[in-house]
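Residue numbers (this note's numbering): 91 to 239.
Beta carbons: idealized from backbone N, C-alpha and C, even for Gly.
Structure, as structure tokens:
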Amino acid sequence: MATTMQQIDQREVMTLQHYLKEYGQQAEVFVGQLELLENGRMEALAAIETLEAMMTEEGTVLLGIGGGASVRVKVLDPEKILLSIGAEVVVERTNKDSIEYLKDRIIEMEASQKKVSETLDKLRSQMNEITRRLDSGCQQGVPEGQDSE
91 MATTMQQIDQ REVMTLQHYL KEYGQQAEVF VGQLELLENG RMEALAAIET
141 LEAMMTEEGT VLLGIGGGAS VRVKVLDPEK ILLSIGAEVV VERTNKDSIE
191 YLKDRIIEME ASQKKVSETL DKLRSQMNEI TRRLDSGCQQ GVPEGQDSE
């Protein structure tokens, strides 16, 4: 019987299964990175909303105090913002500059999300190809006229 698919041996099956497992673990890492990036993006958006609310006449914002509890507070100096810029470095910036910095970080996170998503899509495509190859190899191993269960 002529076939376009090359029959795969047991070693190749084991190798493909190993790759599939490794790719699955890598995919989990990338999904975790996407979640972290999305959480960071949402946190930055919430910070921007709070910074903008501080500049209104009322200027009252919610301050999380832990345990799911918050209090309404009025910020004494809403123009001076302490902003973490990484590596445990905190700088003082104006409200407007802080908002711009956070918007830039959001753009960076969205770009990173796009790259990670593209990598994850490629990885999933490779996983699908390996799965297809394994499935076709298993079907070739079943004698004609028998169904695999």
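How would you label D237, buried or exposed, when you count the other beta carbons within 10 angstroms and need 16 or more for buried? For the purposes of this step, residue 237 is identified with residue 147 of the sequence shown, where counting begins at 1. Bear in mind that a pLDDT of 48 at D237, under 50, signals an unreliable position, so the model cannot answer this.
Can you check whether the CB of Q203 is closer than 9 Å to the CB of L135? In the sequence shown, residue 135 corresponds to position 45, counting from 1. In the sequence shown, residue 203 corresponds to position 113, counting from 1. In this structure, the beta-carbon distance from L135 to Q203 does not fall below 9 Å.
Distance check for C228 and M91, CA to CA, integer angstroms please. One-based indexing of the sequence shown puts residue 91 at position 1. One-based indexing of the sequence shown puts residue 228 at position 138. At M91, the pLDDT of 40 sits below 50, so the modelled position is not reliable; the number obtained from the coordinates is stated separately. Roughly 16 Å between the two C-alpha positions.
Going straight from the alpha carbon of R101 to that of T209, what length do you get? Here residue 101 refers to the residue found at position 11 when the sequence shown is read from its first residue. Here residue 209 refers to the residue found at position 119 when the sequence shown is read from its first residue. Each residue's alpha carbon lies about 28 Å from the other.
Roughly how far, in whole angstroms, is the beta-carbon of L173 from the beta-carbon of V161, given that I think they are within contact range, below 8 Å? As a first step, residue 173 must be located in the sequence shown, where it is residue number 83. As a first step, residue 161 must be located in the sequence shown, where it is residue number 71. The distance from the Cβ of L173 to that of V161 is about 22 Å, inconsistent with a contact at the 8 Å cut-off.
Per-residue DSSP class, three states only, for Q236: By one-based count along the sequence shown, residue 236 stands at place 146. Note that Q236 scores 45 on pLDDT, short of 50, meaning its location in the model is unreliable and no value can be drawn from it.
Checking the sheet assignment: what are the DSSP bridge partners for E182? On the sequence shown, residue 182 is found 92 positions in, with the first residue counted as 1. In DSSP, E182 forms a bridge with L172.
Put Q96 into one of helix, strand or coil per three-state DSSP. Your numbering for residue 96 matches position 6 in the sequence shown. Caution applies to Q96, whose pLDDT of 49 falls short of 50 and renders its modelled position unreliable; the model cannot decide the point.
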